[in-house]
Amino acid sequence: MDVATPVGIVAALIAVMVAMVLDGGNPAALIAPSAILLVIGGTVAVSLAGIRFKEIGRITGALKSAIMAKSVTAEETVETLVKFAEMARREGVLALETAAKDLTDPFLRGGIQLIIDGVDGEKIREILEADIEAMRSRHKAGSKFFKDMAGYAPTLGILGTVMGLIHVLANLSSPNTLGPAISAAFTATLWGVMTANVIWLPISNKLAHLAEQEHMAKLLIVDGALAIQSGSSPRLLEQQLMTYLAPADRASGDSQKQAKTQGKGKAA
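With the first letter of the sequence shown counted as 1, position 186 gets the number 225 in the numbering used here; the numbers rise by one all the way through.
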């Protein structure tokens with residue numbers, strides 16, 4: 040599980056609190072229920088107003104993905120595709136059916152099943168690319184939702200500040216209360232700017248990054264499935280798919296492969 044997003048958000052919030060203490064302030068002053076309710080509650084509400092009710096489940100799923108994202112291991116996918124290519128060359132494509140049932144990635148399993156069913160290469164590409172486009176559309180909607188929240192939050196913070204200043208101006212006859220009242224009014228603006236830049240924008244960026252990562256992983260599977268369908272050699276397939284990996288990941292994959300080979304040699 041990739042915990043970079045929650046760790047980063049918590050670290051940023053701690054940095055804000057520490058900076059406030061170093062400036063001689065009291066972090067407890069930020070705990071303003073009215074400002075928090077207006078900024079966070081209002082931001083969520085107006086953002087939900089821009090989507091359909093049945094899409095709420097997708098948004099909560101996107102939030103879960105951003106916070107508890109699973110890293111995509113392209114090296115394992117390459118290894119699996121090469122193994123399937125070897126099996127198809129040695130035993131025929133029908134031999135892939137039993138092995139395909141153990142695949143946990145539904146996209147990869149679907150691509151292998153199309154090969155088993157004898158679908159031609161162009162049709163396989165068409166089906167898999169349509170699936171990829173639908174995936175990208177879903178991820179884009181999730182990323183946009185949190186980007187919209189980052190846009191609404193500062194505006195609602197300013198709204199809270201204006202409301203607080205109206206209250207201040209209505210009580211000018213009590214000068215002793217003006218300082219705390221003005222401070223409380225600007226707390227809403229702080230919450231708006233802070234939540235936008237510390238919470239909502241990072242989540243939006245994380246979802247966009249995950250979408251791009253998954254897109255590349257699926258393109259890798261498309262090329263691998265088409266190569267298996269066309270009877271490409273496993274070695275050529277591996278060289279082709281390695282181009283999707285960063286040089287460091289390619290070196291890591293080679294090291295793991297050598298370790299496995301040495302292990303088998305010792306076992307023998």
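Even for Gly, the Cβ is constructed at its ideal location relative to N, Cα and C.
Item to complete: Flag this pair as yes or no: are the beta carbons of residue 124 and residue 259 separated by less than 8 Å?
Response: no
Discussion item. Is it the case that the region 242-260 contacts the region 169-182, given that we only count it when at least three CB pairs across the two stretches are under 8 Å?
Written reply: yes
Discussion item. What does the Cβ neighbour count give for residue 42, buried or exposed, with the cut at 16 atoms within 10 Å?
Written reply: exposed
Worksheet item: Using 8 Å as the Cβ pair cut-off and three pairs as the minimum, do the region 123-143 and the region 207-218 touch?
Response: no
Worksheet item: Any chance the region 175-186 sits against the region 233-252, with 3 or more Cβ pairs inside 8 Å?
Response: yes
Item to complete: Could you check what DSSP says for residue 108 in three-state terms: helix, strand or coil?
Response: strand
Discussion item. Measuring straight from C-alpha to C-alpha, what distance separates residue 305 and residue 48?
Written reply: Low per-residue confidence applies at residue 305: pLDDT is 48, beneath 50, and the placement is therefore not dependable enough to give any value.
Worksheet entry | Opposing strand residues paired with residue 41 [DSSP bridges] | 108
Practice prompt. Using 10 angstroms around the beta-carbon of residue 278, count the other beta-carbons present and answer buried if the total reaches 16, otherwise exposed.
Written response: exposed
Item to complete: Provide the residue span of the alpha helix (DSSP H) that contains residue 230, from first to last.
Response: 217-234
Practice prompt. Can you say whether residue 245 is buried or exposed, counting buried as having 16 or more other CB atoms within 10 angstroms of its CB?
Written response: buried
Practice prompt. Buried or exposed for residue 57, please, with buried defined as at least 16 other CB atoms from any protein chain shown within 10 angstroms of its CB.
Written response: exposed
Item to complete: Buried or exposed for residue 92, please, with buried defined as at least 16 other CB atoms from any protein chain shown within 10 angstroms of its CB.
Response: exposed
Item to complete: Take the Cβ of residue 262 as the centre, count every other Cβ of all protein chains shown within 10 Å, and call the residue buried at 16 or more, exposed below.
Response: buried
Fill in: Between the CA atoms of residue 166 and residue 62 - distance to the nearest angstrom
59 Å
Worksheet item: Where does residue 138 sit, in a helix, a strand or coil, going by DSSP?
Response: helix
Worksheet item: For residue 242, does the three-state DSSP call read helix, strand or coil?
Response: helix
Worksheet item: Just how far apart, CA to CA, sit residue 226 and residue 84?
Response: 20 Å
Worksheet item: Is the region 72-81 close to the region 198-210, with three or more CB pairs under 8 Å?
Response: yes
Item to complete: Please classify residue 282: does DSSP put it in a helix, a strand, or coil?
Response: coil
Discussion item. At the level of alpha carbons, what is the spacing between residue 55 and residue 186?
Written reply: 22 Å
Worksheet item: Should residue 53 go down as buried or exposed, given a rule of 16 or more other Cβ atoms within 10 Å for buried?
Response: exposed
Discussion item. Suppose the cutoff is 7 Å on Cβ atoms and the five residues either side in sequence are ignored; what does the same chain contact list for residue 80 look like?
Written reply: none
Practice prompt. Hey, could you find the ends of the alpha helix (DSSP H) residue 201 is sitting in?
Written response: 160-208
Worksheet item: What is the DSSP secondary structure of residue 297, counted as helix, strand or coil?
Response: Unreliable positioning characterises residue 297 in this predicted model, as indicated by a pLDDT of 48, which lies under 50. The coordinate reading is nonetheless provided below. Here residue 297 sits in helix by DSSP.
Worksheet item: Which value, in whole angstroms, describes the spacing of the CA atoms of residue 103 and residue 276?
Response: 35 Å
Item to complete: Look at the Cβ atom of residue 232, then the Cβ atom of residue 51, and state whether they are nearer than 8 Å.
Response: no
Worksheet item: Taking Cβ to Cβ, would you say residue 127 is nearer than 8 Å to residue 242?
Response: no
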